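In our numbering, the protein residues as written are 37 to 357.
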């Protein structure tokens, strides 16, 4: 039986883990195991941490959780970004300034690379918003230069993309004159259920919506769900009955009255229920009530007690849980 205990690495093999791997593979025929996870549990899991790292040529250096030297470039970039945000912020809206700060960091040249990050990605320098505005030789005049700037900005507007694959909406030509329509059932339906319900009578037509008499009341339905109802000339149109909506009416369970046997007369009267100031009886919910025997002390059979050859009436009372 091959398991992790039988493949436990001896102490004298810790310095030569590779030789022990070869011996274990030859002795236990690990080459026949094709699953990598199975071979891992048989061989690699038997090693301790230091031996496995030494066999793989890995050296561990434990550092603190927030160690700038371990995180490297990520920490240095965050330090530069936070410094730029502090220099340009006047209030707490740092999210509005973040795109401009990131643009400046990407376009700023680095001394060690002799280029910027944007040049390494795109192959050329980016044109920042300041490059679109020439150097002002004359004072800025809003009335004369503002329309020219708008025309220059409109020239850089991209061409709107075209949308392909969208289904074209098709509306029947006789839908506007139809007196009865079918309504498409957009909810989940069984495989054998027709896709349209109806026909239903049209009360009012419109360009985009119709008012249809459905389920005893008018409803406004879009024309994308409607289809005119065509019936035979010799058969009148019979409007369909819409299914009942909402929850079914709740039926309170009624407890059947116990009919005592004719030879046993009831000895106690029904307990009076408490009433409110208006005279309404206060009844606890049936689901919170449990039957309790009053005259305990004997075996109960049906509606009677049997004790010492005498018959006793079995009384029930209801108490809250």
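Note that beta-carbon positions come from the ideal geometry of N, C-alpha and C, so glycine has one too. From a predicted model like this one, the values you see are computed outputs, not experimental measurements.
Own chain partners of residue i with C-beta closer than 6 Å, once the 5 adjacent residues on each side are dropped
{"i": "residue 317", "result": "309, 311"}
{"i": "residue 243", "result": "none"}
{"i": "residue 239", "result": "247, 249, 254"}
{"i": "residue 41", "result": "Because residue 41 sits at a pLDDT of 40, beneath the cut-off of 50, its placement in the model cannot be relied upon, and the following sentence gives the value as read from the coordinates. Excluding positions up to five away in sequence, the list is empty."}
{"i": "residue 329", "result": "At residue 329, the pLDDT of 47 sits below 50, so the modelled position is not reliable; the number obtained from the coordinates is stated separately. Cβ within range, chain order: n/a, list empty."}
{"i": "residue 189", "result": "none"}
Limits of the unbroken beta strand (DSSP E) element including residue i
{"i": "residue 233", "result": "232-240"}
{"i": "residue 165", "result": "First-last for residue 165: undefined, no H or E at that position."}
{"i": "residue 256", "result": "253-258"}
{"i": "residue 272", "result": "Counting along the chain, residue 272 falls outside any beta strand (DSSP E), and DSSP gives it neither H nor E."}
{"i": "residue 247", "result": "245-250"}
{"i": "residue 262", "result": "262-264"}
{"i": "residue 219", "result": "216-220"}
Bounding residues of the alpha helix (DSSP H) (the contiguous stretch that carries residue i)
{"i": "residue 155", "result": "153-158"}
{"i": "residue 135", "result": "130-143"}
Cutoff 7 Å; reference residue i; Cβ partners in own chain excluding five residues on either side
{"i": "residue 162", "result": "143, 154"}
{"i": "residue 208", "result": "263, 264"}
{"i": "residue 117", "result": "137, 141"}
{"i": "residue 130", "result": "121"}
{"i": "residue 173", "result": "none"}
Buried versus exposed, by CB contacts within 10 Å (16 or more), residue i
{"i": "residue 262", "result": "buried"}
{"i": "residue 235", "result": "buried"}
{"i": "residue 246", "result": "buried"}
{"i": "residue 217", "result": "buried"}
{"i": "residue 274", "result": "exposed"}
{"i": "residue 137", "result": "buried"}
{"i": "residue 345", "result": "Model confidence at residue 345 stands at a pLDDT of 41, short of 50, so the residue's coordinates are unreliable and nothing is read from them."}
{"i": "residue 159", "result": "exposed"}
Cutoff 8 Å; reference residue i; Cβ partners in own chain excluding five residues on either side
{"i": "residue 149", "result": "156"}
{"i": "residue 151", "result": "145"}
{"i": "residue 305", "result": "At residue 305 the pLDDT is 44, less than 50, meaning the model places this residue with poor confidence and gives no usable figure here."}
{"i": "residue 271", "result": "none"}
{"i": "residue 113", "result": "141"}
From the options, residue whose alpha carbon lies closest to that of residue i
{"i": "residue 204", "options": "180, 260, 283, 212", "result": "260"}
{"i": "residue 219", "options": "213, 226, 169, 230", "result": "230"}
{"i": "residue 135", "options": "147, 89, 120, 214", "result": "120"}
{"i": "residue 241", "options": "266, 275, 255", "result": "255"}
{"i": "residue 140", "options": "166, 158, 129", "result": "166"}
{"i": "residue 277", "options": "257, 191, 252", "result": "252"}
{"i": "residue 237", "options": "227, 88, 257", "result": "257"}
{"i": "residue 266", "options": "283, 215, 228, 183", "result": "215"}
{"i": "residue 168", "options": "179, 147, 180, 191", "result": "191"}
Any C-beta of chain B under 7 Å from that of residue i
{"i": "residue 308", "result": "The structure shown contains no chain B; it holds only a single protein chain."}
Cβ-Cβ separation, residue j to residue i (assumed contact under 8 Å), whole Å
{"i": "residue 125", "j": "residue 115", "result": "Contact flag wrong, Cβ pair sits at about 16 Å."}
{"i": "residue 221", "j": "residue 233", "result": "5 Å"}
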